[in-house]
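There are 2 protein chains.
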Amino acid sequence: MVDIEKANQYVCEQFMEARPVVVSMGKAIEVVPGMHENMLLHAGPPVTWERMAGPMRGAMIGALLFERKAKTPEEAEAMLKSGKFEFAPCHDHMCTGPMAGVISPSMLCYIVENKTHNIKCYSNLNEGRGKVLRMGAYSQDVLDKLYWMESVLGPTVKAALEASGGIDIRAILSKALHMGDDGHNRLDAASILYTTQLAPYIAKVAKDTQTAFDVIKFLGENALSILNPVMAACKTMTAAGENVEGSTIVTIMARNGTDFGIRVSGLGDRWFTAPAPHVKALYFPGFTEKDANPDIGDSTITETAGIGGFAMATAPAIVTFISGTPQDAIKTTLDMYEITYAEHKYFTIPFLDFRGTPTGIDIRKVIEKQLPPRVNTGVAHKDPGVGQVGAGVVSAPMKVFEDALVAFAEKYGF
Amino acid sequence: MVDIEKANQYVCEQFMEARPVVVSMGKAIEVVPGMHENMLLHAGPPVTWERMAGPMRGAMIGALLFERKAKTPEEAEAMLKSGKFEFAPCHDHMCTGPMAGVISPSMLCYIVENKTHNIKCYSNLNEGRGKVLRMGAYSQDVLDKLYWMESVLGPTVKAALEASGGIDIRAILSKALHMGDDGHNRLDAASILYTTQLAPYIAKVAKDTQTAFDVIKFLGENALSILNPVMAACKTMTAAGENVEGSTIVTIMARNGTDFGIRVSGLGDRWFTAPAPHVKALYFPGFTEKDANPDIGDSTITETAGIGGFAMATAPAIVTFISGTPQDAIKTTLDMYEITYAEHKYFTIPFLDFRGTPTGIDIRKVIEKQLPPRVNTGVAHKDPGVGQVGAGVVSAPMKVFEDALVAFAEKYGF
């Protein structure tokens, strides 16, 4: 008979004691386990080209243009349909990607090391808000920015990271949660903490002062600069709690724009999926919910690790971006305590008298309380080639937790 | 018959519509109005050497050592006693100085321009926390840091400010109040927003990459980097509301460590003073309230302008530094609405549904509600030469408001 309580306690300890540090960068093909020349990683659970959502198709097309494997979007689409490329979830390769989450072989990736458990995870570079590859856009200006990121931003940040000895992401998140960030959609404080820590080294290692100027300015003005290293950091936390016999704690929540999927520690690598829900959002001028793709992206790894939507009580200003009121934000956090196993040791909420964030989603509690995890997220246009149209809040589909609990009962004989 | 309501409304509009931008730096003797070779500015209302508090005496001694006018603390003290030097309040020279607030002729000062009203105010550079001149310390390491600030930090930041076209302090404060800052003792977010905006220019203008590294690192690691420009910025706001006939709004609150003083818009340049109160504080290890000097510094210009202690509801994490609970912080802000005339247009508190901060202390309301303004502050050791011993909260003495209201009644014939 497995001891579920003991297993869950161990898993949550693993989540919390992970100490992720972003140490360097490398091209995906050189650093990501299992990556090959014809592999394209994407967010969420597995998906075929036929079932793939518009923004993910757009990002795939953009990736082939970026890789110079195709010259036109039409050529790229034909190649993607042909079966020549292997599509695989980021999560199966120790990666995480925001929104479409497409990572192609020559893209630079952050390398984040969990120093406690010696686990490495990866994520690509953040392009900023608006018309960007991760939202499904692939116009020439999108590609030009990616080439600049590849040739100027990336190498400079890589050299600065190495010169700095690495940046402790858990320490930054601990501070940022006291500075109005939720750790997912609002990373204003964390991104400038990151920029401020890196900037002295960028000034030192950049190939010239103009490069230093451009790189520091880009990082400092992008309120999501740190999103990708944060996601890889959260994956190093939850990966430390994977595959623990008897644990009912969720180790991955991820969406590909078609399906919402979870994995559960005691159930190994099996995905439990359901149709991705629509997001309750604030839309940018000129867009409405008719333009919106369903929920997409690996960024829900933040909620899985105990921050993001779960920590919204500490980030009331986020409602200007994702809709709702400060009271809604507080209520979300209070609700999430109902379905989590632990309160975080290092991530705390001053307004709730420094209570730890709700950490470790327990599928039993989700079912018992009939309360699905709530996350906050960006919203991509449903068609390839457009980009972001808004941001909002969404609840995970109950079906994935129901299916997981049935599978848990079958496996462990309850 | 003066229209007090109209006068107060005008004063508060002036406070709020001021748009202070830090544009450059210059030596005090070259930029501060009325400064001369034998003048030493200090925080708070006027004070003689005989009545001067320990930390202010310490800072005066340090200033003469820094200026190389004295070779030893003993020699400096003899010169200060001799009557050779003119002591004058910072506020009488369009300056503000934190804690002892000592500004000597060759010190570099920030130049902050209120672009709306074309008013310039000044403040010295921030040394960081701990053993520093503004807390009354003057040992060789304190002086060495000041020389580095004078010769390396200052000139580099000055060049960067000029290259940047100036940094908008009101815009930074608006953001920082949504990032856990109160704008006075907690400036963690504002200081890195400031560093992040300046860093690209520092990288570009610094004389070499090591200088760029050192300067960005110093600014980024000092959570009070922006305190002095913020204080000068707040003075440009309140100065825009000075000398308005019939207004009962406070335009200055300042303490010299011996006396707490205020000025009131409708009462011109007259100081109303009372003994400086003791601070309810959290002390650093090794110190107790027996070591503490009474309340000192010009930094209460932040509360006068509607932030700092008045905005604590938006900065719950500050209680780890100044004592109390998040509930105390919220209560302080709610209380301050009782004694202020306006709610700020640009400084808002997400947790109170984006309500504007309490702005413009009305001496009538202070007396009517028997509720003195509350401020938060650092605490200096009472002896010269030691430095900071803690931080906490303090209420202004009621007497200054009582005396001001009597003077107001006499002047305006109520």
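Residue numbers (this note's numbering), protein chains in the order written: chain P, 1 to 414; chain H, 1001 to 1414.
We put the CB at the ideal spot given by N, CA and C, even for glycine.
Remember, it's a predicted structure, so these values are computed and weren't measured experimentally.
Using beta-carbon distances, P:Thr209 counts as an interface residue toward chain H, with a partner under 8 angstroms. Relative to the Cα of H:Asp1141, the nearest Cα in the group H:Gly1387, H:Glu1017, H:Val1375 and H:Gly1026 belongs to H:Gly1387. H:Lys1120 is bridged by DSSP to H:Glu1113. Apart from the 5 residues on each side of it in sequence, H:Ala1007 sits with its Cβ closer than 6 angstroms to the Cβ of Val1244, Gly1246 and Ser1247 in its chain, given in chain order.
Remark: three or more beta-carbon pairs, one from each stretch, lie closer than 8 angstroms, so the segment 124-143 of chain P and the segment 98-110 of chain P are flagged as touching.
For H:Val1319, the closest alpha carbon among the candidates P:Thr304, P:Ile339, P:Ile296 and P:Phe354 is that of P:Phe354.
Chain P has a Cβ within less than 8 angstroms of the Cβ of H:Gly1220.
Residues of chain H whose Cβ lies closer than 8 angstroms to the Cβ of P:Leu193 are, in chain order, Ile1192. The beta-bridge partner set that DSSP reports for H:Asp1168 consists of H:Val1021. Only residues of its own chain outside the window of five on either side were considered, and among them Pro372 have a CB closer than 7 angstroms to the CB of P:Met398, listed in chain order. The Cβ-Cβ distance between H:Thr1304 and H:Val1250 falls below 8 angstroms. Around the C-beta of H:Glu1086, fewer than 16 other C-beta atoms lie within 10 Å, and the residue is accordingly described as exposed. With a 10 Å radius around the Cβ and a threshold of 16 neighbouring Cβ atoms, P:Gly324 comes out buried.
The beta-carbon of H:Asp1182 is placed no less than 8 angstroms from the nearest beta-carbon of chain P. Per the DSSP secondary-structure output, H:Leu1108 pairs in a beta bridge with H:Lys1027.
DSSP lists P:Arg374 as the beta-bridge partner residues of P:Ser395.
The three-state reading of DSSP puts H:Gly1261 in strand, counting E and B together. For the pair P:Ala232 and P:Thr300, the CB atoms are not nearer than the 8 angstroms cut-off. A straight-line Cα-Cα distance of about 14 angstroms links H:Phe1408 and H:Val1366.
Chain-order list of chain H residues neighbouring P:Phe213: Pro1200, Tyr1201, Ala1203 and Lys1204, by C-beta distance under 8 angstroms.
In the DSSP secondary-structure assignment, P:Pro358 is bridged to P:Glu343.
At least one CB atom of chain P sits nearer than 8 angstroms to the CB of H:Ile1216. Non-local C-beta neighbours of H:Leu1282 in its own chain, meaning closer than 8 angstroms and more than five positions away in sequence, comprise Phe1321, Ile1322, Ser1323, Gly1390, Ala1391 and Gly1392, ordered along the chain. Taking C-alpha positions only, P:Gly306 is separated from H:Leu1161 by approximately 40 angstroms.
Under the three-state reduction of DSSP output, H:Phe1087 falls in the strand class. In the DSSP annotation of this structure, the continuous segment of the alpha helix (DSSP H) that includes H:Asn1228 starts and ends at Leu1227 to Ala1239. Cβ contact annotation for H:Ala1239 (same chain, cutoff 6 angstroms, sequence separation greater than five): Ile1119, in chain order. Under a criterion of Cβ atoms nearer than 7 angstroms, the residues of chain P adjacent to H:Met1179 are, in order, Met179, Gly180, Asp188 and Ala189. At least one CB of chain H lies nearer than 8 angstroms to the CB of P:Asp353. Taking a C-beta distance under 8 angstroms as the contact criterion, P:Gly58 and P:Gly257 do not qualify as a contact pair.
Distance from H:Asp1362 to H:Tyr1341 at the Cβ level is roughly 5 angstroms; contact confirmed, criterion being Cβ atoms closer than 8 angstroms. P:Val132 counts as buried, since at least 16 other C-beta atoms from the protein chains shown sit within 10 angstroms of its C-beta. In the DSSP annotation of this structure, the continuous segment of the beta strand (DSSP E) that includes P:Ala274 starts and ends at Phe272 to Pro275. Annotated three-state conformation of P:Thr348 is strand, per DSSP. Secondary structure of P:Arg364 (DSSP, three-state): helix. For H:Val1379, the beta-bridge partners assigned by DSSP are H:Gly1390.
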